[in-house]
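J.: To convert, note that position 48 of the sequence shown is 59 in the working numbering; the numbers rise steadily by one, no gaps.
Could you have a look at this structure, given as structure tokens, before my questions?
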Amino acid sequence: MVNRQLRRVQEKSRKSAKKKRAAAQKKKAADRKRGEKKRFWNTVIQFLKDVRIEMKKVIWPSKEEVVNYTIVVLITVTIVTTFILVLDLMLSKLLALIIT
Numbered sequence: 012m013v014n015r016q017l018r019r020v021q022e023k024s025r026k027s028a029k030k031k032r033a034a035a036q037k038k039k040a041a042d043r044k045r046g047e048k049k050r051f052w053n054t055v056i057q058f059l060k061d062v063r064i065e066m067k068k069v070i071w072p073s074k075e076e077v078v079n080y081t082i083v084v085l086i087t088v089t090i091v092t093t094f095i096l097v098l099d100l101m102l103s104k105l106l107a108l109i110i111t
């Protein structure tokens, strides 16, 4: 009889220990999630602060330089486009002569 009662008490204590461990693990997981969220936002905020600092270090071109660079780019694009157009027309005429 004592043996049966002792077993019941041991089973109850094991079950309660398992429940306590499970509750502790759930709490740790929840704390970890909260910490990860907090860490994520801290990382984002730090990143934005660093971006702001780096943007202050940039030497921005003047309006005159931007206009000059834009003109150079437009002229270069026009020249390259014209070259490709002429090359395409020449190759299509050559191909037409070969085929016919």
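Note that the Cβ used here is the ideal one computed from N, Cα and C, for glycine as well.
For residue 73, which three-state DSSP category applies?
T.: Counting from 1 along the sequence shown, the entry for residue 73 is found at position 62. When DSSP states are grouped into helix, strand and coil, residue 73 belongs to the coil group.
J.: Could you have a look at residue 111 and say whether DSSP puts it in helix, strand or coil?
T.: Mapped onto the sequence shown, residue 111 falls at position 100. If DSSP states are grouped into helix, strand and coil, residue 111 belongs with coil.
J.: Given this structure, state the Cα-to-Cα distance separating residue 62 from residue 93, to the nearest angstrom.
T.: By one-based count along the sequence shown, residue 62 stands at place 51. By one-based count along the sequence shown, residue 93 stands at place 82. Looking at the two C-alpha atoms, the distance is approximately 41 Å.
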